[in-house]
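Student: Residue numbers (our numbering), protein chains in the order written: chain V, 3 to 304; chain F, 3 to 304; chain Z, 3 to 304; chain W, 3 to 304.
Cβ coordinates follow ideal geometry from the N, Cα and C atoms, glycine included.
There are 4 protein chains.
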Amino acid sequence: MKTPLYGIIPPLVTPLIDNDHLDIDGLERLIEHVIAGGVHGIFILGTTGEAQSLSYALRTEMIKESSRILNERLPLLVGISDTSIVDSILLARIAADFGANALVSAPPYYFATGQPELAEFYENLIPQLPLPVFLYNMPTHTKVSFAPSTVKRIAENSKVIGFKDSSANGAYFQAVMYEMRKHENFSIFVGPEEMMAEVVLLGANGGVNGGANMFPRLYVNLYNAARNKEIDRVHLLQSKVMQISSSIYSIGSFGSSYLKGVKTTLSILGICNDFLAAPFNKFGEIQYMKIKQILETLDLTE
Amino acid sequence: MKTPLYGIIPPLVTPLIDNDHLDIDGLERLIEHVIAGGVHGIFILGTTGEAQSLSYALRTEMIKESSRILNERLPLLVGISDTSIVDSILLARIAADFGANALVSAPPYYFATGQPELAEFYENLIPQLPLPVFLYNMPTHTKVSFAPSTVKRIAENSKVIGFKDSSANGAYFQAVMYEMRKHENFSIFVGPEEMMAEVVLLGANGGVNGGANMFPRLYVNLYNAARNKEIDRVHLLQSKVMQISSSIYSIGSFGSSYLKGVKTTLSILGICNDFLAAPFNKFGEIQYMKIKQILETLDLTE
Amino acid sequence: MKTPLYGIIPPLVTPLIDNDHLDIDGLERLIEHVIAGGVHGIFILGTTGEAQSLSYALRTEMIKESSRILNERLPLLVGISDTSIVDSILLARIAADFGANALVSAPPYYFATGQPELAEFYENLIPQLPLPVFLYNMPTHTKVSFAPSTVKRIAENSKVIGFKDSSANGAYFQAVMYEMRKHENFSIFVGPEEMMAEVVLLGANGGVNGGANMFPRLYVNLYNAARNKEIDRVHLLQSKVMQISSSIYSIGSFGSSYLKGVKTTLSILGICNDFLAAPFNKFGEIQYMKIKQILETLDLTE
Amino acid sequence: MKTPLYGIIPPLVTPLIDNDHLDIDGLERLIEHVIAGGVHGIFILGTTGEAQSLSYALRTEMIKESSRILNERLPLLVGISDTSIVDSILLARIAADFGANALVSAPPYYFATGQPELAEFYENLIPQLPLPVFLYNMPTHTKVSFAPSTVKRIAENSKVIGFKDSSANGAYFQAVMYEMRKHENFSIFVGPEEMMAEVVLLGANGGVNGGANMFPRLYVNLYNAARNKEIDRVHLLQSKVMQISSSIYSIGSFGSSYLKGVKTTLSILGICNDFLAAPFNKFGEIQYMKIKQILETLDLTE
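Take a look at the structure:
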């Protein structure tokens, strides 16, 4: 795997039959679908991948099957976020054994730490990891945000090869970019797809965007347009991303609307099952039909 | 185990040698210490027990060793809170296999759910559990609070035998008490020890108070005074609890001060090791000496 | 006015005809109603009084009319919380001119301050005030909570005669009580009525409870029962307070349900108008009828 | 005033001698300074202008003096955010009387409203205003964020000519841009200067950036570079903005560091006094010297 990583790396959903079984056929179709769409890597067992809702056994199977299907065609990043450092390391070793290329780690998410404890946690964890690692900022879920200076401190270890920010805070994102400006092989990715083009225009490496599960080519094209500074084309493609964001992710009133929207769409597209792991449920009939209708009216042609 | 449970049920700290090893001698001394102090049950693998920071293997060992040492002298409650329903059930079965009496479950703590999803999660989980269960409200850590009506809805299943509230919200606590007033065998416990006496005076069943790890007799006496409506004695003992709360738990500026204070005190009292699992660290020399000095000036005599 | 203050001091609603006019007849009936109910003082222009939603001219009129009607029969406390220290002092002088007995001040609520700034703000404000003052803790609205040590620091000025806590945090309330235990003439009141009895049992001075606008006698009786350590009577009356809290304050889904419930009830009881100042609206017909129905089934007889 | 507005509109600091007196000479120098820097308008009495900390009398004087000094050379926008609709309208009339061109209004910030109440508040307020108005989103201070659909609903009244977002949420900003895409004369401005260039590249109208008080030319140049799609120049100038943001705004640990940094810098530059209205204090000697040192090493040459 060459660093720095760049481009569109979808945070893969985990296709499920039920709480305890992978939809392996769906996973195969999904991986082929995103590869065909031109993505630059694959990230499994993130928030969109419902990692925390899956048992350790199932996470292990997901690593194994994804690695088998991907077969080294693209970099494979594996989420190892956990509240236990010991189990996190265990998962990292499994990922390495199955040929993953890099790990992704969000802070422990039960007790929230302060900044010094957060830095120390990673200074303790990273030497025990068998692969290079991305830091993953997800403050709505972990209740703590990496201070830009904490990112820099942790990244003094060269095994830390990147940072993914899902805070949606644009001022913060720029602050991290500035703090890390001299780390040439360090990748900075943004989670929320609505911001991907603008941060790439400002120099970020790419996006870990959930929508790329469904429409990988659109996100890759938008990334390329931004990277090539084709502003008019960025405007055109951005409006298509916003079409998706303002419709598919906004059905129902719960925080899980985004995830339900993505899985329902993948199901309608014939790619994989729409089962969500507990504590969430897939959409009911009404919402399903609403998504179907949205998909029929979406205009993603360029 | 007779229901409803009542009294002081310490949320046991998990004595540790390092991130991956129990301090078993310490655990033995700790359990004997709290039994000698008159507590009414023991709750392992809660927030004070750093459950989320421990590997599954270590949590399993903690269940096994606690059960062996306790040897059915008191009810044993085991925390099974997890983000994965499958692993939560797994842990529940292990608890049942080792002779635990009841389970304690906080909501999944990565994704926050809405109230209907929270109720459905428990309606899905509870029938799969081999033991009766307490609901555990811990909104600062889980990002969701059980609405009183949600507690009632979940408690329609008679396997739900109690509720532990660590929100520290006194108005909310009364609202749950009122909502559940007709459930005669249902126990309502409070987490924060500063509020224990007052809620017992108003009819609550008891406290799951961290300070009872260190000074079990004090908390048992305060509980008894409140239960017996001895208000003057409540005032006297409450001031001693507040002495502890306002000193031992308030060293340093981090959210983990409480936990560090308890473990440091237990170490100074010769009961168990003061190692904290990652992401936390035990106190340094200065804070250690401060706690030592506090302990010398504490006046807990009645 | 004798200190320390104690008992039930209703946070008076401000009867309104529209955004810019007092319902003076309603105000007269309301004040007579609470005096007849045995309350120990009156607090105007608090959160329940919608002070922040009223113009300065209207706040001035409310002070003038309340003082006239009350006519020194009970202590009159006037809220002067503002984001501008200058206008806050102005309002304090108006209150003094119209014969108020004490002031009540919550922290500036636009910019949130840190603790040192909060202490310094009050050290700057208090010497410029013409009357003794209560500190008012309302963190959901002001975004900052007085640390117990900050209360103590500010209360070194003997013009600070009390503290009202509307945080609903029971552990915090006890911490402030403990911190201030040696200040004999200092009053500590609780806002949320659901907690009033329990904190009075533990030594607090009383309650500033919104429900006492509607049913002053009930809250006074509950206060007296707690003060007299009549636990069984506390249980009986507490259940009546919880009847109110769990019904009247819980119609609709907005944060203003409590306020709407109180004003609608006062209107149904024939006491005053139910107009709410912008940004809120009074209940519509459906909610009004629901409150009416609740009132018919409430059983407040002892 | 032509609409839509665009460009850099500094949220002017309010130069103060003390809590109750303007530094009028400083205000004159400040306004000339930003005009000389090429800004496109001036916004007084916003968050950076400490409006909420100023008395009504002082806010009135600030409007009068700013209008006099500005003398119609640029559009003058006046913040009327208040918790009282009546006083907000009063302030709006004063602004109109002194020749302001537009008003800026953030939601009432004591009680937080829900979305329907927020929309109704503005549907009530706007017809009573004598001038066109910008909506101002500032959720950290007001505790509520305008939903994109709420912005659209309120903007059905053509007196609503723009939106200023200080949430720093990049995904949200794009959502509002998309929701309002068909409103051709509607201006969308961003508050945090760190995000200004990227949102202008994506089609936003400009920035209301605090840094433009100090270095107006830099922000104007960055705005122009973004508007002209000169990406390399954007990168260069963005790094200079980040130099400022990562140094001047980050001294000390309080939320008011930004404001203190700006006022201290303006004082060192000889433009105006560095007094901050209560509840804040200007920097002490140590922080002052730190800012001085930063200013000496800042490299803002292009």
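For F:Ser247, return the contacting residues in chain Z, with the cut-off set at a CB-CB distance below 9 Å.
Tutor: The residue labelled residue 247 of chain F in the question sits at position 245 within the second sequence. Counting only Cβ-Cβ distances below 9 Å, F:Ser247 has contacts in chain Z at Ala173, Gln176, Ala177 and Tyr180, in chain order.
Student: Distance, Cα to Cα, Z:Ala59 vs W:Lys284?
Tutor: Position 57 of the third sequence, counted from the first residue, corresponds to residue 59 of chain Z. Position 282 of the fourth sequence, counted from the first residue, corresponds to residue 284 of chain W. Near 32 Å, if we compare the C-alpha coordinates of W:Lys284 and Z:Ala59.
Student: Does the CB of W:Ala199 have a neighbour CB from chain Z at under 8 Å?
Tutor: Against the fourth sequence, residue 199 of chain W aligns to sequence position 197. Taking Cβ atoms only, chain Z never reaches closer than 8 Å to W:Ala199, which makes this a no.
Student: Give me whichever residues DSSP pairs with Z:Tyr138 in a beta bridge.
Tutor: Reading the third sequence from its first residue, position 136 is the one you call residue 138 of chain Z. Under DSSP, Z:Tyr138 forms a beta bridge with Z:Lys166.
Student: Can you check whether the C-beta of F:Pro134 is within less than 8 Å of a C-beta belonging to chain V?
Tutor: In the second sequence, the residue the question calls residue 134 of chain F occupies position 132. Not an interface residue.
Student: Starting from Z:Gln54, find everything on chain W with Cβ-Cβ shorter than 8 Å and list it in chain order.
Tutor: By 1-based counting over the third sequence, the position of residue 54 of chain Z is 52. Near Z:Gln54 (Cβ distances below 8 Å), the residues of chain W are Thr85, Ser86, Pro110, Tyr112 and Phe113.
Student: What is the DSSP secondary structure of W:Ser189, counted as helix, strand or coil?
Tutor: Mapped onto the fourth sequence, residue 189 of chain W falls at position 187. Correct three-state label for W:Ser189: strand.
Student: At which residue ranges does the region 89 to 149 of chain F contain complete beta strand (DSSP E) runs of 3 or more residues, listed in the order of the chain?
Tutor: 104 to 107 and 135 to 139
Student: Run down chain V in chain order and give the residues with a C-beta less than 9 Å from the C-beta of F:Phe191.
Tutor: Counting from 1 along the second sequence, the entry for residue 191 of chain F is found at position 189. Simply none; closest approach about 20 Å.
Student: Sort out for me which residues DSSP pairs W:Val1 with in a bridge.
Tutor: No answer is possible for residue 1 of chain W: the residues shown for chain W start at 3 and end at 304.
Student: For a minimum of 4 consecutive residues, which ranges assigned as the alpha helix (DSSP H) are wholly contained in the region 230 to 301 of chain W?
Tutor: 233 to 247, 259 to 270 and 287 to 299
Student: DSSP three-state label for V:Leu220, please.
Tutor: Taking the first sequence and counting its residues from 1, one reaches residue 220 of chain V at position 218. Here V:Leu220 sits in helix by DSSP.
Student: For F:Ile82 versus F:Ala97, is the C-beta spacing smaller than 8 Å?
Tutor: Numbered from its first residue, the second sequence carries residue 82 of chain F at position 80. Numbered from its first residue, the second sequence carries residue 97 of chain F at position 95. Yes, Cβ-Cβ distance for F:Ile82 and F:Ala97 is below 8 Å.
Student: May I have the straight-line CA-CA distance separating F:Pro194 from F:Ala170, to the nearest angstrom?
Tutor: In the second sequence, residue 194 of chain F corresponds to position 192, counting from 1. In the second sequence, residue 170 of chain F corresponds to position 168, counting from 1. Roughly 6 Å between the two C-alpha positions.
Student: Here's a check: name, in chain order, each residue in its chain whose Cβ is nearer than 7 Å to the Cβ of V:Ile288, leaving out the five neighbours to either side.
Tutor: As a position in the first sequence, residue 288 of chain V is number 286, starting the count at 1. Within the same chain, V:Ile288 has no close Cβ partners at all.
Student: Taking C-beta to C-beta, are V:Phe136 and V:Ala104 nearer than 8 Å?
Tutor: On the first sequence, position 134 is the one that residue 136 of chain V refers to. On the first sequence, position 102 is the one that residue 104 of chain V refers to. In this structure, V:Ala104 lies closer than 8 Å to V:Phe136 by Cβ.
Student: Taking CB distances under 8 Å as the criterion, tell me whether F:Lys231 reaches chain Z.
Tutor: Taking the first residue of the second sequence as position 1, residue 231 of chain F is located at position 229. For F:Lys231, the answer is yes, since a Cβ of chain Z falls inside 8 Å of its Cβ.
Student: W:Ser57 CB to nearest chain Z CB: under 8 Å?
Tutor: Taking the fourth sequence and counting its residues from 1, the one referred to as residue 57 of chain W is at position 55. Yes - at least one Cβ of chain Z is within 8 Å of the one on W:Ser57.
Student: Checking the sheet assignment: what are the DSSP bridge partners for Z:Pro13?
Tutor: Translated into the one-based positions of the third sequence, residue 13 of chain Z becomes position 11. Its beta-bridge partners are Z:Phe45.
Student: In whole angstroms, give me the CA-to-CA distance for V:Met244 and V:Glu196.
Tutor: As a working mapping, residue 244 of chain V is identified with position 242 in the first sequence. As a working mapping, residue 196 of chain V is identified with position 194 in the first sequence. Spanning the two alpha carbons is a distance of roughly 7 Å.
Student: Looking at the strands, I want to know which residues DSSP matches up with V:Asn171.
Tutor: In the first sequence, the residue the question calls residue 171 of chain V occupies position 169. DSSP, once it has assigned bridges, lists W:Asn171 as partnering V:Asn171.
Student: If we ignore side chains and look at the alpha-carbon of each, how far apart do F:Asn275 and W:Lys265 end up?
Tutor: As a first step, residue 275 of chain F must be located in the second sequence, where it is residue number 273. As a first step, residue 265 of chain W must be located in the fourth sequence, where it is residue number 263. Cα to Cα, F:Asn275 sits roughly 51 Å from W:Lys265.
Student: Near V:Lys66, which residues of its chain fall below 7 Å by C-beta distance, leaving aside the five closest residues on each side in sequence?
Tutor: As a working mapping, residue 66 of chain V is identified with position 64 in the first sequence. Around V:Lys66: Phe100.
Student: State the Cα-Cα distance for the pair W:Ser69 and W:Leu56, rounded to the nearest angstrom.
Tutor: To locate residue 69 of chain W, count along the fourth sequence from 1; it is residue 67. To locate residue 56 of chain W, count along the fourth sequence from 1; it is residue 54. Answer to the nearest angstrom: the Cα atoms are 18 Å apart.
Student: Is it buried or exposed for Z:Gln295, if we count other Cβ within 10 angstroms and need 16 for buried?
Tutor: As a working note, residue 295 of chain Z is residue 293 in the third sequence. It counts as exposed.
Student: Name the residue from Z:Thr16, Z:Ala206 and Z:Asn211 whose alpha carbon lies nearest to the alpha carbon of Z:Arg183.
Tutor: Stepping through the third sequence from its first residue, residue 183 of chain Z is reached at position 181. Among Z:Thr16, Z:Ala206 and Z:Asn211, the Cα nearest to that of Z:Arg183 belongs to Z:Ala206.
Student: Beta-carbon separation of F:Leu32 and F:Asn215 under 8 Å?
Tutor: If you number the second sequence from 1, residue 32 of chain F lands on position 30. If you number the second sequence from 1, residue 215 of chain F lands on position 213. Cβ atoms of F:Leu32 and F:Asn215: closer than 8 Å.
Student: Closest Cβ-Cβ distance between Z:Gly263 and chain F: below 8 Å?
Tutor: For this step, residue 263 of chain Z is matched to residue 261 along the third sequence. Not closer than 8 Å to any Cβ of chain F, the Cβ of Z:Gly263 fails to qualify, so no.
Student: In three-state DSSP terms, what is V:Gly51?
Tutor: Sequence index remark: in the first sequence, residue 51 of chain V carries index 49 (1-based). Residue state, collapsed to three classes: coil.
Student: List, in chain order, every chain W residue whose beta-carbon is nearer than 7 Å to that of V:Ala102.
Tutor: In the first sequence, counting from the first residue as 1, residue 102 of chain V sits at position 100. V:Ala102 does not reach chain W, its nearest Cβ partner there being about 29 Å away, counting only Cβ pairs nearer than 7 Å.
Student: Going by DSSP, name the residue or residues bridged to Z:Leu18.
Tutor: One-based indexing of the third sequence puts residue 18 of chain Z at position 16. Z:Leu24.
Student: So that I know if they touch, is there some Cβ in chain F lying closer than 8 Å to that of V:Glu119?
Tutor: Residue numbering aside, residue 119 of chain V sits at position 117 when the first sequence is read from its first letter. Cβ-Cβ to chain F under 8 Å: yes for V:Glu119.
Student: Just to confirm my understanding: we take F:Val192, look at its own chain, exclude 5 residues before and 5 after, and list those with CB closer than 7 Å. What are they?
Tutor: On the second sequence, position 190 is the one that residue 192 of chain F refers to. Correct list, in chain order: Asp167, Phe175, Met198, Val201, Ala206 and Gly209.
Student: Using DSSP's beta-bridge definition, name the partner residues of Z:Gly208.
Tutor: Position 206 of the third sequence holds residue 208 of chain Z. Z:Gly208 pairs with Z:Gly9 and Z:Phe191.
Student: For a cutoff of 8 Å on Cβ pairs, would you count W:Glu196 as touching chain V?
Tutor: Residue mapping note: residue 196 of chain W aligns to position 194 of the fourth sequence, counting from 1. With 8 Å as the cut-off, W:Glu196 counts as an interface residue toward chain V.
Student: Closer than 8 Å, CB to CB, is W:Ser258 near chain V or not?
Tutor: On the fourth sequence, position 256 is the one that residue 258 of chain W refers to. It does not: the Cβ of W:Ser258 has no partner Cβ on chain V nearer than 8 Å.
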